[in-house]
Amino acid sequence: MRSLLVLGGARSGKSRHAQARIESQPGRLSYIATGQAFDGEMTERIARHREDRGPRWTTLEEPLDLAGAIDRAAREADAVLVDCLTLWLSNLMLADLPLDGPITALQEAIRRCPVPLALVSNEVGLSIVPENALARRFRDEAGRLNQTIAATVDEVEFVAAGLPLKLK
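Residue numbers (the working numbering): 1450 to 1617.
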């Protein structure tokens, strides 16, 4: 595996699957977390995820500069996991930052990453059409981001009910 995008819905098993794929690699592992703890529930979720990973893992929290985080992690680890692209996208949108530059930088970081890299993203376009403009924009941008990254990586898998389906 060189680069992998793992897609799926909420609680589909996508993160667990991507983590297992990276853990199959030898050596030191780096986890890039894009989520931010804005409330108690998210703080607990982050702590639980940290506990799920063993001593081979180091964690790098980076809500915005994902390309830079991949570059830094790849210098110190033998394989890298990014979880997740949809939280990263929401961070960019909530900060009212342009999307094209960071997405292009992410593509370039994926291409130059010298170690196995897995990225996790939610597939949010399988549900009903959201009722408000911001939610519709997020759904549309997430769909475009997933298509862009899927075209950039070597492998793409979709996870439903904990079962991976190879798409590319």
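Cβ atoms here follow ideal geometry from the backbone N, Cα and C, with glycine treated the same way.
DSSP, read as helix, strand or coil, puts N1571 in strand. Residue pairing for K1617: DSSP places it in no beta bridge. Counting along the chain, no alpha helix (DSSP H) covers D1532; the unbroken beta strand (DSSP E) around it starts and ends at A1528 to D1532. The beta carbon of R1588 is closer than 7 Å to those of V1573, G1574 and P1579 in its chain, skipping five residues each way along the sequence. According to the DSSP secondary-structure assignment, S1452 is paired through a beta bridge with L1566. Residue state for A1609 is assigned as strand, using DSSP reduced to three classes.
L1594 sits away from F1607, with the two beta carbons spaced by 7 Å or more.
Between A1526 and T1508, the beta carbon gap of about 11 Å keeps them out of contact (Cβ cut-off 8 Å). L1513 sits in coil when the DSSP states are folded into three classes, being neither helix nor strand. From the listed residues A1467, R1460 and A1459, the smallest Cα separation to E1604 is found for A1467. Under the Cβ criterion (8 Å, minimum of three pairs), the stretch 1470-1481 counts as touching the stretch 1523-1543. Listed in chain order, the non-local C-beta contacts of E1557 below 8 Å within the same chain comprise A1516, local neighbours out to five positions each way being set aside.
Shortest Cα-Cα distance from R1586 to any of G1550, V1569, R1460 and T1535 involves T1535.
In the three-state reduction of the DSSP assignment, S1464 falls in the helix class, which pools H, G and I. Look at S1479 here: in three-state DSSP terms it is strand.
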